[in-house]
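Counting from 263, one number per residue, gives the positions in the sequence shown under our numbering. The C-beta atom is built at its ideal place from N, Cα and C for all residues, glycine as well. The structure appears below as structure tokens.
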Amino acid sequence: MNSIEVFNEVTWLETEEETNDENRAPFDENVCHSTPLSSFSAKRAPVFRSAALTSPLADLSQSFMEVRKRLQPTDFFWSQVTPGAIRFKRRRTDDDASRNGLLNMPNEVVDHIMSFLNKRDLMNFGAVSQRFYQLASHQKHWLVVNMVGKNVLDSALHRIVSRKTSVLAMMSTHIEYDVALLTRDFPPCHLVKLDVTSAKFPDIEALNSLLRRCRNLEYLSLQHQIVNYETLELISRNPDLKVLNLSNCGDLSPKGLTLIFRCCSLVEFNMSWCDNYEELAPVLLNELPSTIKCLAIAGFREYDDKAMSSIIERLPELQELDVSDNHQITAAFITKLKVSAPNLLKLTIPRCFRIEPVAFCLLKNLEVLNIQGLLDLEGYRFLKSELPETIINQSIFQTIAKSQVSNDPDEHPSFWGEDIDEPY
Numbered sequence: 263m264n265s266i267e268v269f270n271e272v273t274w275l276e277t278e279e280e281t282n283d284e285n286r287a288p289f290d291e292n293v294c295h296s297t298p299l300s301s302f303s304a305k306r307a308p309v310f311r312s313a314a315l316t317s318p319l320a321d322l323s324q325s326f327m328e329v330r331k332r333l334q335p336t337d338f339f340w341s342q343v344t345p346g347a348i349r350f351k352r353r354r355t356d357d358d359a360s361r362n363g364l365l366n367m368p369n370e371v372v373d374h375i376m377s378f379l380n381k382r383d384l385m386n387f388g389a390v391s392q393r394f395y396q397l398a399s400h401q402k403h404w405l406v407v408n409m410v411g412k413n414v415l416d417s418a419l420h421r422i423v424s425r426k427t428s429v430l431a432m433m434s435t436h437i438e439y440d441v442a443l444l445t446r447d448f449p450p451c452h453l454v455k456l457d458v459t460s461a462k463f464p465d466i467e468a469l470n471s472l473l474r475r476c477r478n479l480e481y482l483s484l485q486h487q488i489v490n491y492e493t494l495e496l497i498s499r500n501p502d503l504k505v506l507n508l509s510n511c512g513d514l515s516p517k518g519l520t521l522i523f524r525c526c527s528l529v530e531f532n533m534s535w536c537d538n539y540e541e542l543a544p545v546l547l548n549e550l551p552s553t554i555k556c557l558a559i560a561g562f563r564e565y566d567d568k569a570m571s572s573i574i575e576r577l578p579e580l581q582e583l584d585v586s587d588n589h590q591i592t593a594a595f596i597t598k599l600k601v602s603a604p605n606l607l608k609l610t611i612p613r614c615f616r617i618e619p620v621a622f623c624l625l626k627n628l629e630v631l632n633i634q635g636l637l638d639l640e641g642y643r644f645l646k647s648e649l650p651e652t653i654i655n656q657s658i659f660q661t662i663a664k665s666q667v668s669n670d671p672d673e674h675p676s677f678w679g680e681d682i683d684e685p686y
């Protein structure tokens, strides 16, 4: 007799016993029932004695529950799941365990917890409920926003600005056009410091819609942006503007630049490497405000000694000047600087090859002198002996009207004096 016949015999015997016993208790999973040898008839007992011990049922000391576990195939899915994952899937039904402590906390405590979150987690927190959304949208959580290198819809950008944000960093940010936005006319915002250097707007109107809301700007950088007359006119509506960076901007309008010079008391101004600098020459010579202390006009290659001297005469409080890559100025301009700019502390004038390095010895009051490309090792030693207290070739990077400047490589640069780093 094979193992299949043995299984059928045992099944038939158990069925017969359950049928005859009417008072038998219901089947309980926690109780493992077994069938002893005494329950089998003498007629069928020899069958088991002669059967081969190849079947799991041959060992009659085991219950059918244990045999079933041995015969049932392994569930590989649950065998590979870690206990932690199983506990995570487990649902609790008792009321005490399902209560969320945040729901019973006062708003002040929840608001303090939100102050430790970054902006992404703060938005996810606000999506839980209407109450959390109102707490997460409070202005104190959005005073400083760092969106450097992010992809943002213009509708989301305006919602963030509407939360009374005062500092907004958007360097290399990609602004996408939101077709669901019905209007782009928004109330004025509270922005004070704005940097959209190398940010990608879908069009000029998207940039203008942001500037149209600004009335209190003090620091603004539009480096590598295409602007028009309306853009410059919107900038001129900020009378408290102190720092303006228009370097590498295209299509600068002379009329718009005149409005800025007349309406704003600029302290730092950067207009380096502009395309139409020849058209802007009359504006610089006649309209440049005398309040400027730091000026950068690098790349204006056609400005000779006379033009540059006229600009310097308009700036009696000049402290920092950058005229890099000017191929027309000579040592006469350095002599003019000594007379017209007595407060000059930093001069950046690299690759101006018509200037003799000996002329820089006249500027005894300089703290920093950047003249990369004009000196060899012997000339550097000579100039250092003549100007012992002057730092020569401190940095190759431009610093005027830039939002993040740090002369120490180990120091993390701030954003115009603000810390814009996320908590984590």
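| message | Runs of 4 residues minimum, wholly inside the segment 625-661: which ones carry the alpha helix (DSSP H) assignment? | response | Scanning the segment 625-661 from its first residue to its last, the whole alpha helix (DSSP H) runs of 4-plus residues come out as 639-648.
| Around the Cβ of residue 511, are there at least 16 other Cβ atoms within 10 angstroms (buried) or fewer (exposed)? | Translated into the one-based positions of the sequence shown, residue 511 becomes position 249. Counting C-beta atoms within 10 angstroms of its own C-beta, residue 511 has 16 or more neighbours from the protein chains shown and is therefore classed as buried.
| field | Helix, strand or coil at residue 442 according to DSSP, with G and I counted as helix | value | Mapped onto the sequence shown, residue 442 falls at position 180. DSSP places residue 442 in coil when its eight states are reduced to three.
| message | Going by DSSP, what residue range makes up the alpha helix (DSSP H) through residue 395? | response | Numbered from its first residue, the sequence shown carries residue 395 at position 133. Residues 392-398.
| said: Given a cut-off of 8 Å on the beta-carbon distance, is the pair residue 574 and residue 607 in contact? | reply: Within the sequence shown, the letter at position 312 stands for residue 574. Within the sequence shown, the letter at position 345 stands for residue 607. Using a Cβ distance threshold of 8 Å, residue 574 and residue 607 do not count as a contacting pair.
| request: Check residue 567 in the structure and name its three-state DSSP category. | output: For the purposes of this step, residue 567 is taken as the residue at position 305 of the sequence shown. In the structure shown, residue 567 sits in a helix (DSSP, three-state: H, G or I).
| For residue 507, which residues from the same chain have a beta carbon less than 6 Å from its beta carbon, with the 5 sequence-adjacent residues on both sides left out? | The count along the sequence shown starts at 1 and reaches residue 507 at position 245. Closer than 6 Å at Cβ, skipping near neighbours: 483, 485, 532, 663.
| Which listed residue (403, 406, 390, 444) has its alpha carbon closest to that of residue 416 | Along the sequence shown, one-based indexing puts residue 416 at 154. Checking every option, the nearest Cα to that of residue 416 belongs to 444.
| said: Please return the same chain residues whose Cβ sits closer than 6 Å to the Cβ of residue 469, not counting the five positions on each side in sequence. | reply: Within the sequence shown, the letter at position 207 stands for residue 469. Non-local C-beta neighbours of residue 469 in its own chain, meaning closer than 6 Å and more than five positions away in sequence, comprise 463, ordered along the chain.
| query | Residue ranges of each alpha helix (DSSP H) run of no fewer than 4 residues wholly in the segment 424-486, ordered along the chain? | reply | Counting only runs of 4 or more residues that sit fully inside the segment 424-486, the alpha helix (DSSP H) segments are 466-473, in chain order.
| said: Just to confirm before moving on: does the CB-CB distance between residue 645 and residue 619 stay below 8 Å? | reply: Taking the sequence shown and counting its residues from 1, one reaches residue 645 at position 383. Taking the sequence shown and counting its residues from 1, one reaches residue 619 at position 357. Cβ atoms of residue 645 and residue 619: closer than 8 Å.
| task | With DSSP as the reference, label residue 611 as helix, strand or coil. | result | Within the sequence shown, numbered from 1, the residue matching residue 611 stands at position 349. It is coil, neither helix nor strand.
| said: Considering just the uninterrupted stretch of the beta strand (DSSP E) at residue 531, what are its terminal residues? | reply: Taking the first residue of the sequence shown as 1, we reach residue 531 at position 269. From DSSP, the beta strand (DSSP E) with residue 531 extends over 530-532.
| query | Just curious, the beta strand (DSSP E) that residue 415 is in, first and last residue? | reply | As a position in the sequence shown, residue 415 is number 153, starting the count at 1. Where residue 415 is concerned, the enclosing beta strand (DSSP E) starts and stops at 413-415.
| task | Please report the Cβ distance between residue 632 and residue 656, rounded to the nearest whole angstrom; I am assuming they are in contact, meaning their Cβ atoms lie under 8 Å. | result | Along the sequence shown, read from residue 1 onward, the residue named residue 632 stands at position 370. Along the sequence shown, read from residue 1 onward, the residue named residue 656 stands at position 394. Contact holds; Cβ gap of about 6 Å.
| message | I need the boundaries of the beta strand (DSSP E) containing residue 410, first residue and last residue. | response | Walking along the sequence shown from the start, residue 410 turns up at place 148. Counted as a single uninterrupted DSSP element, the stretch harbouring residue 410 is not any beta strand (DSSP E), since DSSP gives it neither H nor E.
| request: Hey, could you find the ends of the alpha helix (DSSP H) residue 543 is sitting in? | output: Position 281 of the sequence shown, counted from the start, is the residue given in the question as residue 543. Counting along the chain, the alpha helix (DSSP H) containing residue 543 begins and ends at 539-549.
| Rounded straight-line distance, which links the Cα of residue 630 to that of residue 636 | Translated into positions along the sequence shown, residue 636 becomes position 374. Translated into positions along the sequence shown, residue 630 becomes position 368. Here the alpha carbon of residue 636 sits roughly 15 Å from the alpha carbon of residue 630.
| said: Measuring only the C-alpha atoms, how far is residue 597 from residue 546? | reply: Sequence index remark: in the sequence shown, residue 597 carries index 335 (1-based). Sequence index remark: in the sequence shown, residue 546 carries index 284 (1-based). Cα to Cα, residue 597 sits roughly 21 Å from residue 546.
| said: Quick test of your reading: residue 694 and residue 458, contact by CB under 8 Å. State the CB separation rounded to the nearest angstrom. | reply: As displayed, the chain neither begins before 263 nor continues past 686, which places residue 694 out of reach and without an answer.
| query | Which residue comes first and which comes last in the alpha helix (DSSP H) that contains residue 371? | reply | In the sequence shown, counting from the first residue as 1, residue 371 sits at position 109. Segment 369-376, the alpha helix (DSSP H) holding residue 371.
| said: Given a cut-off of 8 Å on the beta-carbon distance, is the pair residue 474 and residue 423 in contact? | reply: Along the sequence shown, read from residue 1 onward, the residue named residue 474 stands at position 212. Along the sequence shown, read from residue 1 onward, the residue named residue 423 stands at position 161. No, these two residues do not count as a Cβ contact at 8 Å.
| request: Could you check what DSSP says for residue 677 in three-state terms: helix, strand or coil? | output: On the sequence shown, position 415 is the one that residue 677 refers to. Residue 677: strand per DSSP, three-state reduction.
| Expected contact under 8 Å - CB spacing of residue 403 and residue 384 to nearest Å | Residue numbering aside, residue 403 sits at position 141 when the sequence shown is read from its first letter. Residue numbering aside, residue 384 sits at position 122 when the sequence shown is read from its first letter. Yes, residue 403 and residue 384 are in contact; Cβ-Cβ is about 6 Å, under 8 Å.
| query | Would you call the CB atoms of residue 542 and residue 519 closer than 8 Å? | reply | Taking the first residue of the sequence shown as position 1, residue 542 is located at position 280. Taking the first residue of the sequence shown as position 1, residue 519 is located at position 257. Yes.
| Range covered by the beta strand (DSSP E) that runs through residue 556 | Numbered from its first residue, the sequence shown carries residue 556 at position 294. Going by DSSP, residue 556 is part of the beta strand (DSSP E) stretching over 556-558.
| message | For residue 603 and residue 585, which I take to be in contact (beta-carbon distance under 8 Å), what is that distance rounded to the nearest angstrom? | response | Taking the first residue of the sequence shown as 1, we reach residue 603 at position 341. Taking the first residue of the sequence shown as 1, we reach residue 585 at position 323. In fact, because the Cβ distance is near 12 Å, the residues do not count as touching under 8 Å.
| task | Could you say which of 487, 555, 456, 411 lies nearest to residue 514 if we only look at CA atoms? | result | Working through the sequence shown from its first residue, we reach residue 514 at position 252. Measuring from the Cα of residue 514, the nearest candidate turns out to be 487.
| query | From which residue to which residue does the beta strand (DSSP E) around residue 505 run? | reply | Locating residue 505 in the sequence shown gives position 243, where the first residue counts as 1. 505-507 is the span of the beta strand (DSSP E), which, as asked, contains residue 505.
| So is residue 530 buried or exposed if we call it buried at 16+ other beta carbons inside 10 Å? | To locate residue 530, count along the sequence shown from 1; it is residue 268. Its Cβ being crowded by 16 or more others within 10 Å, residue 530 is buried.
| query | Based on Cα-Cα distance, which residue from 682, 461, 583, 371 lies nearest to residue 438? | reply | Counting from one through the sequence shown, the residue named residue 438 turns up at place 176. Restricting attention to 682, 461, 583, 371, the CA atom closest to the CA of residue 438 is found in 461.
| task | State the start and end residues of the unbroken beta strand (DSSP E) segment that holds residue 582. | result | Reading the sequence shown from its first residue, position 320 is the one you call residue 582. Taken as a continuous stretch (DSSP letters only), the beta strand (DSSP E) holding residue 582 covers 582-584.
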